[in-house]
Amino acid sequence: MLQPASQARRDDSEWAIHKRTISNLFLKENKTLRGADGVVETMKRLYNFHRLPWEYERYLRQWSIRKNGTAQEWEAIGRILESRKAAGKFSVVRMNGEILSETRLRKRINRYSYTSSFRPYIQLPIPQIPIGFEVLTPRADCEDLLPQDEDTVRLPRVGNEALVPTFNLPFMKFQASIRLKALSNGLANGIDNRLLHPASRPAATNYIESEVHEEEAPLIDNSKDTETPYELVQTYYATCFPKLRALLPIAAQAKCSTNPPGMLPPLQSLSATQVELLLFSTANNFAGLPNFPRENMWNYIREHISVSGLLQFSPGPTTIALAENLFQCIVECGDVQAAEFLLEKRYVNVNKQVCIVDDDRYTPVERSAKLRSLSMTRLLLHYKADLNKTHVEDNNAEKGALERAVSLSGDAAEPPLDLIHLLLESGASITISVLERALSKLYLQVAETLIYKGAHDHHTEWTQRGIFLYALKQSDADTATRIVEIMLRVKASIAHSVTVDGKTLNESLWRDFSPRSVVDMAAEQGYLQVVRILLDSGIRPTEATLTCAIRSTNMELVSYLLHEGASVDSVASLFRCLDPVLTGCTGDRRFDYTLRTPYSEAIRSRNAQLIRLLKNKGALRHIHQNPEFKAAVLAAAEVGNLEIVRSLIRDGRGKEEELGCALFKACAAGHEKVAQTLITAGADVDAPPENLLDGHSSLVEALKRKMIGTVQLLLNTGANPNLMSVSRPYVPNWFIKSPLGIAVEHGDFSLIKDLLFAGGACVNPNHNEANTFSIAIRSKNMEVIQLLLDNGADINSRFEGDTPLVAAIESGGIEMIDWLLDRGADPADEHALLGAMSQSIDLVQRLLRSFSARYPYGKGGYGSKALSQAITTQNLPLIQALLQANISVDGNFPADSVHENKTPFAIAIESNDQAVVEMLLSKVADLNRIVGYEGWCYWKMKERRTALLVAVNVGNPQMVQLLISRGANLNLAATRGIQRTPLQLAAEKGHLAVVQLLIEQGAEVNAPPAMKWGATALQLAAIGGYIGIAEELLIHGASVNAPGSDIFGRTALEGAAEHGRIDMMQYLLNAGAEITGPGYHQYAMAMQYAKENGHGAICELLESAARSNGTVLTLE
73 MLQPASQARR DDSEWAIHKR TISNLFLKEN KTLRGADGVV ETMKRLYNFH RLPWEYERYL
133 RQWSIRKNGT AQEWEAIGRI LESRKAAGKF SVVRMNGEIL SETRLRKRIN RYSYTSSFRP
193 YIQLPIPQIP IGFEVLTPRA DCEDLLPQDE DTVRLPRVGN EALVPTFNLP FMKFQASIRL
253 KALSNGLANG IDNRLLHPAS RPAATNYIES EVHEEEAPLI DNSKDTETPY ELVQTYYATC
313 FPKLRALLPI AAQAKCSTNP PGMLPPLQSL SATQVELLLF STANNFAGLP NFPRENMWNY
373 IREHISVSGL LQFSPGPTTI ALAENLFQCI VECGDVQAAE FLLEKRYVNV NKQVCIVDDD
433 RYTPVERSAK LRSLSMTRLL LHYKADLNKT HVEDNNAEKG ALERAVSLSG DAAEPPLDLI
493 HLLLESGASI TISVLERALS KLYLQVAETL IYKGAHDHHT EWTQRGIFLY ALKQSDADTA
553 TRIVEIMLRV KASIAHSVTV DGKTLNESLW RDFSPRSVVD MAAEQGYLQV VRILLDSGIR
613 PTEATLTCAI RSTNMELVSY LLHEGASVDS VASLFRCLDP VLTGCTGDRR FDYTLRTPYS
673 EAIRSRNAQL IRLLKNKGAL RHIHQNPEFK AAVLAAAEVG NLEIVRSLIR DGRGKEEELG
733 CALFKACAAG HEKVAQTLIT AGADVDAPPE NLLDGHSSLV EALKRKMIGT VQLLLNTGAN
793 PNLMSVSRPY VPNWFIKSPL GIAVEHGDFS LIKDLLFAGG ACVNPNHNEA NTFSIAIRSK
853 NMEVIQLLLD NGADINSRFE GDTPLVAAIE SGGIEMIDWL LDRGADPADE HALLGAMSQS
913 IDLVQRLLRS FSARYPYGKG GYGSKALSQA ITTQNLPLIQ ALLQANISVD GNFPADSVHE
973 NKTPFAIAIE SNDQAVVEML LSKVADLNRI VGYEGWCYWK MKERRTALLV AVNVGNPQMV
1033 QLLISRGANL NLAATRGIQR TPLQLAAEKG HLAVVQLLIE QGAEVNAPPA MKWGATALQL
1093 AAIGGYIGIA EELLIHGASV NAPGSDIFGR TALEGAAEHG RIDMMQYLLN AGAEITGPGY
1153 HQYAMAMQYA KENGHGAICE LLESAARSNG TVLTLE
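For what it's worth, the numbering used here labels the leading residue of the sequence shown as 73, then goes sequentially.
Structure below.
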């Protein structure tokens, strides 16, 4: 019975979806149709595709897919090859997309032909090439990576449309000049391990000959032997090779065809294409290898190839592009002689070149200065490098060679003074940021040099911005002396007192309490000689000078200032800048102040003789006034000087808040007698501390130090038992225990009852409070636990993931866990489950049983982190246990450091374990929901991704096929946070096989881009330099002149120009990219982007193309 037409069409479409997979299984994996591991059973098991063997046979015939050709087909191939041989043409045969070896080809022809000679067929009509076969013509003299002319290789066709020609790509002409076969044959050892592992920067060595002649300079050094571990080759073949292959046109990919899964190509054949691929990638601005260490690339190339010969033998766009990009590698390695060769031969322009490292843009001299390479910097300056030129627009970023030399992260050593002198003598600008960076890193010799060179021109600005003040703060005595002498020589305003505001000061430099004038800073540091010089120059001590001197503990300096008439009863206001990240402070609240006097600092110094001296000189004349009183009583409480405290509080009426601040100091320092004295004197027991960052109450400080008598006194005088921190909302109080929590931690049952009686709350509305009941659980004190429950403790109380159930699991008490669960503890506790996983599977199952009993249908989001962890560790029994308990596979996003913002299903896909993915698929509610966010930075939102997008990003065609077969939308629009369609993402990542699969399954090649930062699939392929992918897209109708996205978009031509993809540029021009008429704007923008990124070869190529079209545009 015939099936209805509609059903037949539906059946055909299902077969079309799986065509590529079936073909790969049948041909590349060499599976039979039948059998447990055959194609039929594999499709049932992995893709839920149930069909009979005879149906497979019918469609394989329909698709002309077969493992062996018929006798007639091989006979036809033999006649075609013989006729081509008679015409002097060499031939390569491709069957089902695979190049046949010479041996295999001859075996097939001889088997099916009635003679071993092809002569009898020469006079017969030449047959048509059978379906499924291709006959190609390589160059006779060189089996190059790319075909050399338009007629050499029969261009593959789609319908009646030939592929875009690739015969004139710049790399083609380059190949013709240098005969890459010679290069390839020298690398018999395969992949060089330096390509995949970081290399140390070598000393400069003469790898470039000063005079090179073609007849005497070998292009490859065969003496270099390198090891090729199997694992290294496997890594290279799995990670680098596929992306490099995607750079090539379709006609060139046969030479780089992939082997069956799990099989590596012979090492010699892999090395034969390695150099060609690397040079192709390098010429195209390291396309396909964006994160490859540049020094590794240069170390590899220079030890195998004579770069001078390579460039001199082959002038043209590729040579210029190679020189530009190799120059980046050379600067990175510090190879001065190689750099000199390129500069001398004018292959590169030292002021137009752009070096990009970790997305940071440098001029060559900026980069060499950053690397602190004196010899390379000197060479670049010799060739007129502009020291102050930069490609950075951010005002807060490092700019110019001098600032780059000074700015290194971490505890880097001080830059060589020779380098600093060279930069300064060559005209480097001395900016405030350069000087601040040098001082902040304690590069004192560099800082002194900068001040010496720049003080004459910049002293006014430096004085106002507190640079001299900061220099004294960071310097030793000798350096500070020389800096002050420089200030006096240039007549800087030494008496200036800096203005404390965010516009004047670099707030990150002033986190400690500091004075505001140079003489006070010198006194604070204890630099007697500097203070002498300043006073001898006419500067007078300020109200803070003596205070600062006493703080320095330099008594000789104190005596000198007293002799010079410094005031003994003045009040100094010291300042500091608060870190807004830690405090949340904004505006004026970013600045914190403290009042100090000579007397208060003498108290802190515990120098009785100095205290008496100051008293005798009149330091207590204004002690009853608030600033002087507060400074003194705070100091006395801080150091525990009970005698002075008692003397001060006699006149402390009306100063309850000041006494309260002193009480906090006494409690924080553990001075119990002083604290009790202040309480009985009427101190405000809940007064906030003096400074913004102190943060706690007097009661908390007393409890922390187990000052039980003081605690009782505080409670009896009305201290708030629930007050943890000051009332200022911008002071952080994270991870602070409440008074009751501290008492529970100490295990003092009597004190706990006292706090509860005084109103202490078991559950504090302050969400930043550590969990008091969890503290009790960890103590395992059942008496305390029951007391807290009786007073309203919440058995499910939570703080930062800490719950009583978590505490019980961490403390290892099974009985306590059961006790909590029996009394209503919620088993849907993610952190408890994670804690159980770190201990035993039995404990996990105990929690899961309790969870299933309470939530038979599961609970949204619960268990996501646990399931993610199980997937990551490949713990299949645990995965199964979690799934049986209805743990959500696509619930809330975990937020840990490894899998931030990804669902368990997304993590399973990224693990590339198809079996685990299939386990989870039945639990996925919606295959097209968002499963994760990727790639956030401060200027660009995170990309939302579906499961299919995650699989595409991984680059596994089988995983992609599986998700599509289960209903994943392969044309989901790039909108509302989704930045790429699946096809666009595959093109961006360079996954050629995935691109081919998606197109075969019906992906829209011209799907519109996301509004911001979006791009079409072709534009993304152009940006990445993936010609093979661009070719696939154009075959299927991609628009070569499609406009870029509305915001920050690029056309394909603009994107290729911006990223230095020179062969892609020519390919797009061949494909019809417009540069005249309507295309003039994209031509102008492409030129601009190329120039901004230092791609001189791109500019030349564009200008040449424009001239041939009657258009000329140059950008200066």
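C-beta: ideal position from N, C-alpha, C; glycine also.
Small disclaimer: the values here were computed from a predicted structure and weren't measured.
Residue i versus residue j - alpha carbon distance
i, j, result
"isoleucine 943", "valine 961", "11 Å"
"arginine 180", "tryptophan 146", "7 Å"
"alanine 355", "asparagine 1025", "26 Å"
"tryptophan 87", "glycine 935", "39 Å"
"alanine 1124", "alanine 1075", "19 Å"
"asparagine 140", "arginine 156", "23 Å"
"isoleucine 824", "lysine 776", "14 Å"
"glycine 1202", "glutamate 475", "Residue coverage of the chain in this structure runs from 73 to 1188, which leaves residue 1202 outside it and unanswerable."
"alanine 815", "glutamate 520", "54 Å"
"tryptophan 534", "serine 565", "10 Å"
"histidine 90", "glutamine 1033", "8 Å"
Bridge-paired residues (DSSP) for residue i
i, result
"glutamate 206", "Arg166"
"leucine 667", "Ser645"
"glycine 1109", "None, per the DSSP bridge assignment."
"serine 569", "Ser589"
"arginine 433", "Ile428"
"aspartate 874", "Phe871"
"isoleucine 814", "Paired residues: none, contrary to the question."
"lysine 1227", "An answer regarding residue 1227 cannot be provided, because it is not within the stretch 73 to 1188 covered by the chain."
Proximity winner among the options, relative to residue i (alpha-carbon distances)
i, options, result
"asparagine 958", "Ala707, Ala987 and Gln917", "Gln917"
"cysteine 649", "Leu581, Ser589, Phe829 and Asp758", "Leu581"
"tyrosine 119", "Leu320, Val705, Ala987 and Glu1076", "Ala987"
"arginine 509", "Lys471, Gly610 and Gly896", "Lys471"
"alanine 1094", "Gly1127, Gly1144 and Met779", "Gly1127"
"glutamate 902", "Asn868, Leu1069 and Asp890", "Asn868"
"lysine 513", "Ser547, Ala527, Arg123 and His528", "Ser547"
"phenylalanine 205", "Trp135, Arg166, Gln134 and Ala908", "Arg166"
"leucine 735", "Ser770, Leu382, Ser719 and Lys161", "Ser770"
"asparagine 792", "Met779, Ala759 and Leu823", "Ala759"
"arginine 668", "Ala638, Lys689, Ala616 and Glu628", "Ala616"
"leucine 606", "Thr625, Leu1125 and Leu633", "Leu633"
"glutamine 1073", "Leu646, Arg117, Arg1038 and Lys103", "Arg1038"
"leucine 1200", "Ala1178, Pro321 and Val711", "What is shown of the chain runs 73 to 1188, which leaves residue 1200 out entirely."
"leucine 414", "Cys620, Ser380 and Arg439", "Ser380"
"threonine 390", "Gly406, Lys245, Thr749 and Asp430", "Lys245"
"alanine 567", "Gly598, Asp550, Arg554 and Val603", "Val603"
Residue i, buried or exposed, once every other Cβ within 10 Å from all chains shown has been counted against 16
i, result
"threonine 571", "exposed"
"threonine 532", "exposed"
"leucine 587", "The question names leucine, yet the displayed sequence has proline at residue 587. Looking at its Cβ environment, which holds 16 or more other Cβ atoms inside 10 Å, proline 587 is buried."
"methionine 854", "exposed"
"lysine 702", "buried"
"glutamine 858", "exposed"
"threonine 945", "exposed"
"histidine 844", "The residue you asked about is not histidine; residue 844 is threonine in the sequence shown. So threonine 844 counts as buried."
"histidine 528", "exposed"
"histidine 454", "exposed"
"glutamine 681", "exposed"
Assumed close pair residue i, residue j - CB separation to whole angstroms, cut-off 8 Å
i, j, result
"asparagine 1165", "glycine 1132", "7 Å"
"alanine 1079", "alanine 1046", "7 Å"
"alanine 441", "leucine 495", "7 Å"
"isoleucine 881", "alanine 900", "That pair is no contact at about 14 Å."
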